[in-house]
Amino acid sequence: MNKYNRNRYGKTAFSISGLIKLPVVLMRMKQPQSYLIRWGKHILPSSWANQVRNQLLYWRYADKNRRFVAAHPEQSLPPLAFLAETFKPDYAAYVEQGSATVAALIPLIKPYLSANAKNALDWGCGTGRLTTHLQKLLASLHWYGCDVRADMIQWNQNNLAHINFAITQQEPPLPFQHVKFDLIIGFSVLTHIPAALQQAWLNALSENLADDGIVLFTTHGSAYQQHLSLKQQAHLVVVGYWDNQRGNARSRSRAIYHHAPKFHTIIEQYMDVLSWYDGAKYPALIGGQDIWICKKKSRNCGTENG
12 MNKYNRNRYG KTAFSISGLI KLPVVLMRMK QPQSYLIRWG KHILPSSWAN
62 QVRNQLLYWR YADKNRRFVA AHPEQSLPPL AFLAETFKPD YAAYVEQGSA
112 TVAALIPLIK PYLSANAKNA LDWGCGTGRL TTHLQKLLAS LHWYGCDVRA
162 DMIQWNQNNL AHINFAITQQ EPPLPFQHVK FDLIIGFSVL THIPAALQQA
212 WLNALSENLA DDGIVLFTTH GSAYQQHLSL KQQAHLVVVG YWDNQRGNAR
262 SRSRAIYHHA PKFHTIIEQY MDVLSWYDGA KYPALIGGQD IWICKKKSRN
312 CGTENG
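Start counting at 1 in the sequence shown, then tack on 11, and there's your number in this note's numbering.
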């Protein structure tokens, strides 16, 4: 049996599951689960809290996942443990929300995408939740994907065809130094990269763009400031971002918040901002994250706000 499939429906995902003795029916009730997840964040060490959270979610979605797998036997689906770390362990949402997110991004990209575009990168691709849909909707492009998780990249290479996947490090450069990209997508990546590395990555993205290439990335903007204290919000305005410094770089626990006006001036040191969508103003686009579309620095390019 494949090591990734033995816990496919989440019944024996973590050894810590033995500590959880509540009835399965209770685990599948959303209100008790939400309470336990919030309680666990404050009481347990972060690694334990994450495992408890994941186990509760495995139980919540077990029946739904079983039905989805039975109805879509041809679908390549990653291990639930991967989804728990990068999204949520819900196969239907993995496919459907991935498709919906890409459908929302494509109209924002196309006005700026070169007619001669050839190469595109999903930076921080995870398990290819967006990559596969991007490949289908922008089929004329040669797609690449990279992520810091070697195990996820290995799964992608074994299961997702016609995409060039590679491991990237937590610090620049990108693993495709021989390629100049006409399009780079960084969905919910800067939201987890430590503040100290943000400018280095902005510079690296610019260096890997073709002359008329564009990059789209997202940030935690004003729609997420409710999660910060007044002191943290004040720091955000002065510096441009706030790093909660929880967990390792790009872990689910690590969260970076951005102050759009200040961060705009930081971006402009490396790229020209073509368009910015305030997540608080356009929450339906991708759930409230700010969207930035930029291009390689040029003297003749102005700034346009969406």
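Using N, Cα and C, we set each Cβ at its ideal position, and we do this for glycine too.
Helix or strand or just coil, what does DSSP make of residue 109?
helix
Taking Cβ positions, are residue 285 and residue 308 nearer each other than 8 Å?
no
Beta carbon of residue 193 nearer than 8 Å to that of residue 126:
no
Could you tell me whether the Cβ atoms of residue 180 and residue 200 are closer together than 8 Å?
no
With three or more C-beta pairs closer than 8 Å as the rule, is the segment 286–295 touching the segment 225–233?
yes
What's the C-alpha gap between residue 183 and residue 212?
6 Å
Is the beta carbon of residue 139 sitting closer than 8 Å to the one on residue 167?
yes
Per-residue burial, residue 202 [other beta carbons within 10 Å of its own, 16 or more giving buried]
buried
Cα-Cα, which of 170, 244, 249 and 185 is closest to residue 85?
170
Note down, in chain order, each residue of its chain lying with its Cβ closer than 7 Å to the Cβ of residue 254, except the 5 sequence neighbours on either side.
205, 206 and 267
For residue 302 and residue 278, the rounded distance between their alpha carbons
13 Å
When 295, 246, 256 and 298 are compared against residue 273, the one with the closest alpha-carbon:
246
Measuring CA to CA, which of 149, 238, 73 and 69 is closest to residue 114?
149
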